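Q: For the numbering used here, count along the sequence shown from 1 and bump the result up by 534.
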Amino acid sequence: MGNFMSRKNARAAWTARLLATGIAVAALATAAPAQAAETEQAAGLQGDESVAAVSDYDGDGIADLFTTSMSDPNAMVSPKNLSVRKGHKDGSFGSPALLVRNWDFNWAASADFNGDGKADLIARDSNADLYLLAGNKDGGFDAKRLVAGGWDYTDVVTGDFNGDGKADLVAMNSSKDGIYLWTGRGDGTFDQSKKAAEGGGFTEIAAADFNGDGITDLVAHDLHGGDTLFLLAGAKSGVFDAPKQVLNDFVHQEIVAGDFDGDGKADILAERYFRSGPALLWKGNGDGTFHEPTGVSFSS
C-alpha cells in the first residue's frame, strides 16, 4: 500500500474541529440576533472535541459521528478519548458516549471492512502507520492490526467505489495531483492502489452515494477555483466520472457526508472557514443535487 497523511492533521473527517459551530435549526429560523448567537454557542461540540469519522455505528440507518476529546480538559497535554454521537432523524446529534480511552491516532475513517456487519475503524498514527480496529459484538473495537506503513495520503474516505459490495478506501496523495483507490477484499485487507481520478487542485473530498445508483461517489471542494463543490460519480470500473459542478460559493471546509436525517439520501455536513458561522447541513435529493443548507444542532 502507499503512504498517508498530513495536511494539518489531515481530514480523517473533520480534524479542523467543529467546536461550537453547530446551531439549532428551528431556533435559528425564528430567533432574534442575540438569541441566535446564544443558541449557536450552546449547541456546538464541547471543548476540544472534534469529529474523527462518520459511520452508521448503531445500524439504525442514520449516520453517527465518532469524536475525540482530551481525557483531562484541564491539562496542557492529555491522552484522548474516542466517543460516538448518535445521529437523529432531525439532523441533530446526541451526547457523546465513550468508546475507547487513550486514543493515540491522529485521524480515522469508518466502514465495515471485514464484512461482519459491524462498523470498523481504519486509523493512522503519528508514525504514518495505518491500522484496522475491527468492531466487536460488545460495541467496542478489537486490538489494532497493522495494515500498512509509510502512509502519505490525505483526505481518506470510505465506501463501495466499484459496486462489489465491499468497503474500499479512497485518498488524495500529498501533492494533490491524484485521487487513488484501494479496493477492499472484504476481510480487512486491500489491493494495491490505482489512480481513480486526477487531483484537479481539490482541497477536500467526501464520499457517499449521492446519485442513488448503488456506487459510492465523491464530492470535491476546489478552494482555488471560486469555492466550487464538484460531484465525481463513481463507476464499477473504480474510476470516477469527470467532475460536475453541484454547488457554487461553497465557503466551507472539512466536509463530511452521510445520511444524517434517515431519508435514505446522502447529505453533506460542513463548517465555514475559521469557524466564522454555523455548521451547515445540505440535505441530498438522491440525484446528485442538494437542498438549501440548514444549521445543525449538537446535544451537550
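Even glycine gets a Cβ: it sits at the ideal position worked out from N, Cα and C. Computed from a prediction, not measured in an experiment: that's the story for all the values here.
Ordered along the chain, which non-local residues of its own chain (more than five positions away) have a Cβ less than 7 Å from that of Ser660?
A: Reading the sequence shown from its first residue, position 126 is the one you call residue 660. Same-chain partners within the cutoff: Asn640.
Q: Tell me which same chain residues have a C-beta within less than 8 Å of the C-beta of Leu814, skipping the five on either side of it?
A: Translated into the one-based positions of the sequence shown, residue 814 becomes position 280. The residues are His786, Leu803, Ala804, Glu805, Arg806, Pro827, Thr828, Gly829, Val830.
Q: What is the rounded straight-line gap between the Cα of Leu666 and the Cα of Gly748?
A: Walking along the sequence shown from the start, residue 666 turns up at place 132. Walking along the sequence shown from the start, residue 748 turns up at place 214. C-alpha separation (whole angstroms): 25 Å.
Q: Where does Trp685 fall in DSSP's three states?
A: The residue labelled residue 685 in the question sits at position 151 within the sequence shown. Three-state result, Trp685: coil.
Q: Hey, is the segment 777-793 in contact with the segment 722-738, meaning 3+ C-beta pairs nearer than 8 Å?
A: In short, these stretches touch, since the Cβ pair count reaches three.
Q: Distance, Cα to Cα, Ile839 vs Leu703?
A: Here the chain comprises residues numbered 535 to 834, so residue 839 is not present and cannot be evaluated.
Q: Hey, Phe764 and Ala730: beta-carbon distance below 9 Å or not?
A: Position 230 of the sequence shown, counted from the start, is the residue given in the question as residue 764. Position 196 of the sequence shown, counted from the start, is the residue given in the question as residue 730. No; because the gap between Cβ atoms is not below 9 Å, this pair is not in contact.
Q: Just verifying my parser: in three-state terms, what is the DSSP assignment at Glu826?
A: Along the sequence shown, one-based indexing puts residue 826 at 292. Coil, per DSSP.
Q: Sorted by chain position, which residues of the same chain lie with C-beta nearer than 8 Å to Lys671's C-beta, five sequence neighbours on each side aside?
A: Within the sequence shown, residue 671 is the residue found at index 137, counting from 1. Here the set comprises Lys652.
Q: Considering only the beta carbon of each residue, do Ala754 and Thr692 sit closer than 9 Å?
A: Walking along the sequence shown from the start, residue 754 turns up at place 220. Walking along the sequence shown from the start, residue 692 turns up at place 158. No, Cβ-Cβ distance for Ala754 and Thr692 is not below 9 Å.
Q: Give every residue of the same chain whose Cβ lies closer than 7 Å to the Cβ of Lys623, excluding the five residues on either side of it in the sequence, and list them in chain order.
A: Walking along the sequence shown from the start, residue 623 turns up at place 89. Closer than 7 Å at the Cβ level, and outside the excluded window around Lys623, lie Ile596, Asp795, Gly796.
Q: So the candidates are Phe675, Ala767, Ser603, Ser617; which of them puts its Cα closest to the Cα of Glu583?
A: In the sequence shown, residue 583 corresponds to position 49, counting from 1. When only C-alpha atoms are compared, the closest one is Ser603.
Q: On the criterion of 16 or more Cβ atoms from any shown chain inside 10 Å, does Ala566 qualify as buried, or is it exposed?
A: Counting from one through the sequence shown, the residue named residue 566 turns up at place 32. Residue placement at Ala566 is poorly supported in this model, since its pLDDT is 29, which falls under 50; the coordinates are not used for a value here.
Q: Pull up the distance between the alpha-carbon of Ala668 and that of Asn819, whole angstroms please.
A: Translated into positions along the sequence shown, residue 668 becomes position 134. Translated into positions along the sequence shown, residue 819 becomes position 285. Those two C-alpha atoms are separated by around 32 Å.
Q: In its own chain, which residues sit with a C-beta less than 7 Å from the C-beta of Ala609, not counting the 5 before and 5 after it?
A: Residue numbering aside, residue 609 sits at position 75 when the sequence shown is read from its first letter. Excluding positions up to five away in sequence, the list is empty.
Q: Quick one: complete beta strand (DSSP E) runs, 3+ long, within the segment 616-651?
A: Within the segment 616-651, the complete beta strand (DSSP E) runs of at least 3 residues are 631-637, 641-645.
Q: Going by DSSP, what residues sit across from Asp702 in a beta bridge?
A: Residue 702 sits at position 168 when you count from the first residue of the sequence shown. Asp702 is bridged to Gly693.
Q: Under 6 Å Cβ to Cβ from Gly649, same chain only, skipping five residues before and after it: list those, please.
A: By 1-based counting over the sequence shown, the position of residue 649 is 115. Excluding positions up to five away in sequence, the list reads Gly720.
Q: Would DSSP call Val780 helix, strand or coil?
A: Your numbering for residue 780 matches position 246 in the sequence shown. Here Val780 sits in strand by DSSP.
Q: Just confirm the distance between the C-beta atoms of Asp598 and Lys620, as a whole number of angstroms; I'd bet it's less than 8 Å.
A: Residue mapping note: residue 598 aligns to position 64 of the sequence shown, counting from 1. Residue mapping note: residue 620 aligns to position 86 of the sequence shown, counting from 1. Contact flag correct, Cβ pair sits at about 5 Å.
Q: If you follow the beta strand (DSSP E) that Gly796 is in, where does it begin and where does it stop?
A: By 1-based counting over the sequence shown, the position of residue 796 is 262. Gly796 -> no beta strand (DSSP E), and no H or E assigned at all.
Q: Taking the alpha carbon of Leu781 as the point to measure from, which residue in Asp756, Gly798, Glu788 has its own alpha carbon closest?
A: Residue numbering aside, residue 781 sits at position 247 when the sequence shown is read from its first letter. Checked all of Asp756, Gly798, Glu788; the closest Cα to Leu781 is Asp756.
Q: Tell me, please, which residues DSSP counts as bridged to Asn707.
A: The count along the sequence shown starts at 1 and reaches residue 707 at position 173. Answer is Tyr687, bridged to Asn707.
Q: DSSP three-state call for Glu738: helix, strand or coil?
A: Reading the sequence shown from its first residue, position 204 is the one you call residue 738. Reduced to three states, the DSSP call for Glu738 is strand.
Q: Using only CA atoms, which one of Leu664, Asp638, Gly673 lies nearest to Asp590?
A: Taking the first residue of the sequence shown as 1, we reach residue 590 at position 56. Answer by Cα proximity: Gly673.
Q: Ends of the beta strand (DSSP E) at Arg719?
A: Numbered from 1 along the sequence shown, position 185 holds the residue referred to as residue 719. Neither: Arg719 is in no beta strand (DSSP E) and is coded neither H nor E.
Q: Tell whether a beta-carbon distance below 9 Å holds between Pro677 and Ala643.
A: For the purposes of this step, residue 677 is taken as the residue at position 143 of the sequence shown. For the purposes of this step, residue 643 is taken as the residue at position 109 of the sequence shown. Here residue 677 is Ala; the residue named in the question, Pro, does not match the sequence. Their beta carbons are not under 9 Å apart, which means Ala677 does not touch Ala643 by this criterion.
Q: Thinking Leu876 and Gly772 are a contact (beta carbons under 8 Å), I'd like their distance in whole angstroms, please.
A: Nothing can be reported for residue 876, as the shown portion of the chain is limited to 535 through 834.
Q: Let's test the definition: count the other Cβ atoms within 10 Å of the Cβ of Asn707 and tell me whether it reaches 16, buried, or not, exposed.
A: Locating residue 707 in the sequence shown gives position 173, where the first residue counts as 1. Buried, because 16 or more other Cβ atoms sit within 10 Å of the Cβ of Asn707.
Q: I need the straight-line Cα distance from Thr823 to Lys770, nearest angstrom please.
A: On the sequence shown, residue 823 is found 289 positions in, with the first residue counted as 1. On the sequence shown, residue 770 is found 236 positions in, with the first residue counted as 1. Taking the straight line from one Cα to the other gives about 21 Å.
Q: Examine the ligand SAM and report whether any of its heavy atoms sits within less than 8 Å of the Cβ of Thr737.
A: No copy of the ligand SAM appears in this structure; indeed no ligand is present at all.
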